[in-house]
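Enquirer: Residue numbers (this note's numbering): 50 to 355.
Even glycine gets a Cβ: it sits at the ideal position worked out from N, Cα and C.
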Ligand code: CP
Ligand code: NVA
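1) Can you tell me where the beta strand (DSSP E) holding residue 229 begins and where it ends?
2) Do you know how far the Cα of residue 72 is from the Cα of residue 196?
3) Tell me whether residue 61 sits in a helix, a strand or coil according to DSSP, three-state version.
4) Identify which residue in 147, 186, 228 has its Cα closest to the Cα of residue 267.
5) Only counting runs of 3 or more residues, tell me where the beta strand (DSSP E) segments fall wholly within the segment 112-189, in order along the chain.
6) Spatial neighbours of residue 303 within its chain, please: CB distance less than 8 Å, with the 5 preceding and 5 following residues excluded, ordered by chain position.
7) At which residues does the beta strand (DSSP E) containing residue 312 begin and terminate?
8) In chain order, what residues of the same chain lie with their CB nearer than 7 Å to the CB of residue 79, ignoring the 5 residues before and after it?
9) Looking at the ligand NVA, does it come within less than 7 Å of residue 185, judged from the CB to the closest heavy atom?
10) Nearer than 7 Å: is that true of the beta carbon of residue 107 relative to any heavy atom of the ligand CP?
11) Quick check: residue 357 and residue 147, are their CB atoms within less than 8 Å of each other?
12) Just confirm the distance between the C-beta atoms of residue 211 and residue 277, as a whole number of angstroms; I'd bet it's less than 8 Å.
13) Spell out a yes or no on whether the segment 106-113 and the segment 138-152 are touching, meaning 3 or more CB-CB pairs, one atom from each, closer than 8 Å.
14) Can you have a look at residue 250 and say buried or exposed, based on whether 16 or more other CB atoms are within 10 angstroms of its CB?
15) So, are the CB atoms of residue 233 and residue 198 less than 8 Å apart?
16) Count the other C-beta atoms from every protein chain shown that fall within 10 angstroms of the C-beta of residue 153, then say buried if there are 16 or more, exposed otherwise.
17) CB-CB under 8 Å to residue 315, same chain, minus the five flanking residues each way: which ones, in chain order?
18) Kindly examine the ligand CP and report whether one of its heavy atoms sits closer than 7 Å to the Cβ of residue 235.
19) At a threshold of 7 Å, does residue 61 count as lining the ligand CP (C-beta to nearest heavy atom)?
20) So for residue 101, helix, strand or coil by DSSP?
21) Can you round the beta-carbon distance between residue 356 and residue 259 to whole angstroms, since I take them to be within the 8 Å contact cut?
22) Compare the C-alpha of residue 275 against each of 201, 311, 162 and name the closest.
23) Just tell me which of 235, 337, 338 has its CA closest to the CA of residue 319.
24) Looking at the secondary structure, which residues open and close the alpha helix (DSSP H) in which residue 261 lies?
25) For the alpha helix (DSSP H) containing residue 206, list its first residue and its last residue.
26) Indicate whether residue 81 and residue 120 have their beta-carbon atoms separated by less than 8 Å.
27) Go ahead and pull the three-state DSSP assignment for residue 321.
28) What residue range is occupied by the uninterrupted alpha helix (DSSP H) comprising residue 223?
29) Measuring straight from C-alpha to C-alpha, what distance separates residue 52 and residue 166?
30) Give me the Cα-Cα distance between residue 355 and residue 225, rounded to the nearest whole angstrom.
31) Please determine whether the Cβ atom of residue 191 lies at a distance below 7 Å from any heavy atom of the ligand CP.
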């Protein structure tokens, strides 16, 4: 039976609205402290295990650098050279790994896998991306919006493209941070129905990217084929052909609209080079903020006396 009662971060809605807002404030403060060279090591002698069943650049570098900066250590584990890849049950792995470290980050396919791991872990578990959700990216994205434009409450956000893990996380964010989300996706690539139902009238679904972008303060997109969908690339290129975020889409948004993409990006597919490399794009800030937002998360989950 599940044994633990510690806090996990498997989805954005594991936080209350108040907690989510204070996490963003803390991320901004930790960023300031880091840039001013302040020595702050609340995680001395603490270890984060990072299990990656999919590729990563940003998630790995930000968690590893973040743990180091906070005085702790991060351990990279891949199924290729752990017993997880040879079929050791996820529950057994959770029991064993969590007896030796202070938190575990997992990037995997099924959301159910992170949930099963968390249910048998003695320490906090962080979702570093599943097929369903990518909550760490979303806290960094919200931090980025706050830094550039202030409070996102009551603002309009357009999601253009696949109803995927990033889209689901934006849907959770819309409820938690109280903004309107307009989603434009091709038929057959909608967000999962349970997310649509939970989102209620915070989220609307349309078929035309320009309609979704109308009046938006933020336009966001993601790859057409996510990790694990490589063999669908050609079929998806056809389905998503008219869903590129280009200058015409951005022209429909508010004049000061920001453009976001979690990266890696494919210029000429989901976004034109003119948009991602243009003045409205904040994609490099989003990537950098993975470091600061996750340090705020790690501090909250692992630091003693917090
Ligand atoms: N955005 C993001 O999570 O990037 P990586 O896949 O490089 O970690
Ligand atoms: N939707 C993408 C996000 C990558 C960070 C994927 O799952 O591959």
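Expert: On the basis of the supplied data:
1) For the purposes of this step, residue 229 is identified with residue 180 of the chain shown, where counting begins at 1. Residue range 229-233 is occupied by the beta strand (DSSP E) that includes residue 229.
2) Position 147 of the chain shown holds residue 196. Position 23 of the chain shown holds residue 72. Using only the alpha carbons, I get a separation of about 13 Å.
3) The residue labelled residue 61 in the question sits at position 12 within the chain shown. Taken through DSSP and simplified to helix, strand or coil, residue 61 comes out as helix.
4) Here residue 267 is taken as the residue at index 218 of the chain shown, counted from 1. Among 147, 186, 228, the Cα nearest to that of residue 267 belongs to 228.
5) DSSP assignment within the segment 112-189 yields the following whole beta strand (DSSP E) runs of 3 residues or more, N-terminal first: 122-126, 152-156, 174-176.
6) On the chain shown, residue 303 is found 254 positions in, with the first residue counted as 1. 205, 264, 265, 266, listed in sequence order.
7) Counted from its first residue, the chain shown places residue 312 at position 263. For residue 312, no beta strand (DSSP E) encloses it, and the DSSP letter there is neither H nor E.
8) The count along the chain shown starts at 1 and reaches residue 79 at position 30. The residues are 341, 344, 345.
9) For the purposes of this step, residue 185 is taken as the residue at position 136 of the chain shown. Annotation for residue 185 indicates a beta carbon at 7 Å or more from all heavy atoms of the ligand NVA.
10) The sequence position of residue 107 within the chain shown is 58, counting from 1. Checking the Cβ of residue 107 against the ligand CP gives yes.
11) Here the chain has residues from 50 to 355 only, and residue 357 is not among them.
12) Counting from 1 along the chain shown, the entry for residue 211 is found at position 162. Counting from 1 along the chain shown, the entry for residue 277 is found at position 228. Actually they do not touch by this definition, with Cβ atoms about 13 Å apart.
13) No, the segment 106-113 does not touch the segment 138-152.
14) In the chain shown, counting from the first residue as 1, residue 250 sits at position 201. Under this definition residue 250 is an exposed residue.
15) Translated into positions along the chain shown, residue 233 becomes position 184. Translated into positions along the chain shown, residue 198 becomes position 149. No Cβ-Cβ contact shorter than 8 Å links residue 233 with residue 198.
16) For this step, residue 153 is matched to residue 104 along the chain shown. That one is buried.
17) Within the chain shown, residue 315 is the residue found at index 266, counting from 1. Excluding residues within five positions, the ones whose Cβ falls inside 8 Å are 272, 273.
18) What you label residue 235 is simply residue 186 of the chain shown in a count that begins at 1. Outside the cutoff, so no.
19) Indexing the chain shown from 1 puts residue 61 at position 12. In terms of side-chain proximity, the C-beta atom of residue 61 is found no nearer than 7 Å to any non-hydrogen atom of the ligand CP.
20) Taking the chain shown and counting its residues from 1, the one referred to as residue 101 is at position 52. Residue 101 falls in the strand class under three-state DSSP.
21) Beyond the ends of the chain as shown, which are 50 and 355, falls residue 356; an answer cannot be given.
22) Indexing the chain shown from 1 puts residue 275 at position 226. Of the candidates 201, 311, 162, 311 places its Cα closest to the Cα of residue 275.
23) Residue 319 sits at position 270 when you count from the first residue of the chain shown. Selected option, being the one with the closest Cα: 235.
24) The count along the chain shown starts at 1 and reaches residue 261 at position 212. Counted as a single uninterrupted DSSP element, the alpha helix (DSSP H) harbouring residue 261 occupies residues 258-262.
25) Start at 1 with the first residue of the chain shown, and residue 206 comes out as number 157. For residue 206, no alpha helix (DSSP H) segment is defined; the enclosing uninterrupted segment is the beta strand (DSSP E) at 205-209.
26) For the purposes of this step, residue 81 is taken as the residue at position 32 of the chain shown. For the purposes of this step, residue 120 is taken as the residue at position 71 of the chain shown. Not a contact, by the Cβ cut-off of 8 Å.
27) Working through the chain shown from its first residue, we reach residue 321 at position 272. It is coil, neither helix nor strand.
28) Along the chain shown, one-based indexing puts residue 223 at 174. Segment 214-226, the alpha helix (DSSP H) holding residue 223.
29) Taking the first residue of the chain shown as position 1, residue 52 is located at position 3. Taking the first residue of the chain shown as position 1, residue 166 is located at position 117. Per-residue confidence for residue 52 stands at a pLDDT of 47, beneath the threshold of 50, marking its modelled position as unreliable; the derived number appears in the next sentence. Answer to the nearest angstrom: the Cα atoms are 11 Å apart.
30) Start at 1 with the first residue of the chain shown, and residue 355 comes out as number 306. Start at 1 with the first residue of the chain shown, and residue 225 comes out as number 176. Bear in mind that the predicted position of residue 355 carries a pLDDT of just 47, short of 50, making it unreliable; the figure below should be weighed with that in mind. Between the C-alpha atoms of residue 355 and residue 225 there is a straight-line separation of about 22 Å.
31) Along the chain shown, read from residue 1 onward, the residue named residue 191 stands at position 142. No, Cβ of residue 191 sits at least 7 Å from all heavy atoms of the ligand CP.
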